[in-house]
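Q: Pasting a structure below so you can have a look.
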Amino acid sequence: QVQLVESGGGVVQPGGSLRLSCAASGFTFSNYGMHWVRQAPGKGLEWVAFIRSDGSNTYFADSVKGRFTISRDNSKNTLYVQMNSLRADDTAMYFCAKAWSGNSFDYWGQGTLVTVSS
Amino acid sequence: QSALTQPPSASGSPGQSVTISCTGTSSDAGGYNYVSWYQHHPGKAPKLMIYEVSKRPSGVPDRFSGSRSGNTASLTVSGLQAEDEADYYCGSYAGRYNWVFGGGTKLTVL
Chain A
1 QVQLVESGGG VVQPGGSLRL SCAASGFTFS NYGMHWVRQA PGKGLEWVAF
51 IRSDGSNTYF ADSVKGRFTI SRDNSKNTLY VQMNSLRADD TAMYFCAKAW
101 SGNSFDYWGQ GTLVTVSS
Chain B
1001 QSALTQPPSA SGSPGQSVTI SCTGTSSDAG GYNYVSWYQH HPGKAPKLMI
1051 YEVSKRPSGV PDRFSGSRSG NTASLTVSGL QAEDEADYYC GSYAGRYNWV
1101 FGGGTKLTVL
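Protein chains in written order, with this note's numbering: chain A, 1 to 118; chain B, 1001 to 1110.
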C-alpha cells in the first residue's frame, strides 16, 4: 500500500533553515510528480510546492518563492523541501502528497510540524 | 484567507444528507474541471474523496458525490455515518502550476 512518511520538523528560530523529507513506498515513485502542502494552526490547507516526476521542473507558491527549494532523489524514493529564511508565518504542519489525475492529490502523509519561534 | 471559500461548519443527523459548498472564481474552481475534495481526520493523513469535480476514487463510498455550478463546487454526503465526522477541504487547480484550497469545513454528525 502507498505510504508517505514525513520527517525533519521541529522548532527553528526566525531566519533559520530546515530540511524536510518524505519517504515514499508502495508505488513507483519516479513516475509521479509530488507536492508539499502545509496547514498553519487553525487554518486551511495551503499548497507550497510541486516537482515533476523526473525533477526537471519545480513550482512554488508566491509565499515561499525564493526561500524554499523542492527536490527529490528517485533512487531513494524520497522527496525533500529545503526551507530557508523561515518566518513565523511558516509555522505549520507540512504534508507531502502524491500528484494524480485531474491535478488532485491522491495520497498524503500524516505531516511533520514546523514551528518558527524565538 | 483561503483562495476558496467554504463554510466553517456543517452538521447532520445519521442517515441524513449534507452538502458543503466551495466558492472560487473563474480562475480556479469555475475555470477548470479540476476540483477535488479531501477528508481529514486531525492527526491522520488527508484522504482524496472526489477528483475532477465529480469522480470518486476506488474505495470511496458512493454516498460521497461532487458537483459544480458556476464558480461553486459542492460535496454531498448522503446517508451520514458517524465516521464521516471530519474536516473537509476543497481544492482546485488555478492555472500556471498553482493550486489552491479552501479553509475547510468541520462536519459534525449529530
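No residue lacks a Cβ here, since even glycine has one placed at the ideal position from N, Cα and C.
Using three-state DSSP, classify A/Phe60 as helix, strand or coil.
A: It is a strand residue.
Q: Let me know the secondary structure DSSP gives B/Ser1021 once reduced to three states.
A: DSSP places B/Ser1021 in strand when its eight states are reduced to three.
Q: For my contact list, A/Ser25 and A/Asn77 are in at a C-beta cut-off of 8 angstroms; report their separation, rounded to the angstrom.
A: Yes, A/Ser25 and A/Asn77 are in contact; Cβ-Cβ is about 6 angstroms, under 8 angstroms.
Q: Within the 8 angstroms Cβ cut-off, does A/Leu45 reach chain B?
A: With 8 angstroms as the cut-off, A/Leu45 counts as an interface residue toward chain B.
Q: Taking B/Ala1029 as part of the beta strand (DSSP E), name the residues at either end of that continuous run.
A: Neither: B/Ala1029 is in no beta strand (DSSP E) and is coded neither H nor E.
Q: Using 8 angstroms as the cut-off, can you tell me whether the region 1094-1105 of chain B makes contact with the region 44-54 of chain A, which would need three or more C-beta pairs spanning the two stretches below that distance?
A: Judged by Cβ distances under 8 angstroms, the region 1094-1105 of chain B makes contact with the region 44-54 of chain A, as three or more pairs qualify.
Q: For a contact meaning CB atoms closer than 8 angstroms, what does B/Pro1057 contact in chain A?
A: Within chain A, the residues near B/Pro1057 are Asp106.
Q: Once the 5 residues before and after B/Tyr1051 are set aside, which same chain residues still bring their CB inside 6 angstroms of it?
A: These residues qualify, in order along the chain: Ser1036.
Q: Thinking just about the alpha-carbon of each residue, which of A/Val48, A/Asp89 and A/Cys96 is nearest to the one in A/Phe29?
A: Looking at the Cα atoms, A/Cys96 is the closest of the given residues.
Q: Is the region 80-89 of chain A in contact with the region 11-22 of chain A, if contact means three or more CB pairs nearer than 8 angstroms?
A: Yes, since at least three Cβ pairs between the region 80-89 of chain A and the region 11-22 of chain A fall closer than 8 angstroms, the two stretches touch.
Q: Mind checking if B/Leu1048 is an interface residue toward chain E, Cβ cutoff 8 angstroms exclusive?
A: You won't find chain E in this structure, because its protein chains are A and B.
Q: Who does B/Glu1083 pair with in a DSSP beta bridge?
A: In the DSSP output, where bridge partners are listed per residue, B/Glu1083 has none listed.
Q: Chain B beta carbons: is any one of them nearer than 8 angstroms to that of A/Phe68?
A: No, no contact with chain B.
Q: Looking only at its own chain, which residues have a Cβ that is under 7 angstroms from the Cβ of A/Gly9, when we skip the five neighbours before and after it?
A: The residues are Leu20, Tyr94, Thr112, Leu113 and Val114.
Q: Can you name the residues of chain B whose CB is closer than 8 angstroms to the CB of A/Gln110?
A: Those within 8 angstroms of A/Gln110 in chain B are Gly1043, Lys1044 and Ala1045.
Q: So with CB distances below 7 angstroms, who are the chain A contacts of B/Phe1064?
A: Simply none; closest approach about 14 angstroms.
Q: For the region 87-102 of chain A, which residues have a CB atom closer than 9 angstroms to at least one CB atom of chain B, in sequence order?
A: Answer set for the region 87-102 of chain A: Phe95, Ala97, Trp100, Ser101 and Gly102.
Q: Buried or exposed for B/Gly1091, going by 16 or more other Cβ atoms inside 10 Å?
A: By the 10 Å Cβ count, B/Gly1091 comes out buried.
Q: Return the chain-ordered list of same chain residues with a C-beta closer than 6 angstroms to the C-beta of B/Val1060, the five sequence neighbours on each side being excluded.
A: Same-chain partners within the cutoff: Met1049.
Q: Per the contact definition of three or more C-beta pairs closer than 8 angstroms, is the region 1003-1023 of chain B in contact with the region 58-74 of chain A?
A: No: fewer than three Cβ pairs fall under 8 angstroms.
Q: Kindly identify the DSSP beta-bridge partner or partners of A/Glu46.
A: A/Glu46 is bridged to A/Arg38.
Q: Could you name the residues of chain A that B/Ser1074 contacts, counting a contact when the two beta carbons are closer than 7 angstroms?
A: Chain A residues near B/Ser1074: none, gap ~17 angstroms exceeds 7 angstroms.
Q: Thinking C-beta only, is B/Val1109 closer than 8 angstroms to B/Leu1080?
A: Result yes, Cβ atoms of B/Leu1080 and B/Val1109 sit closer than 8 angstroms.
Q: Based on the DSSP output, what are the partners of A/Glu6 in its beta bridges?
A: Bridge partners of A/Glu6: A/Cys22.
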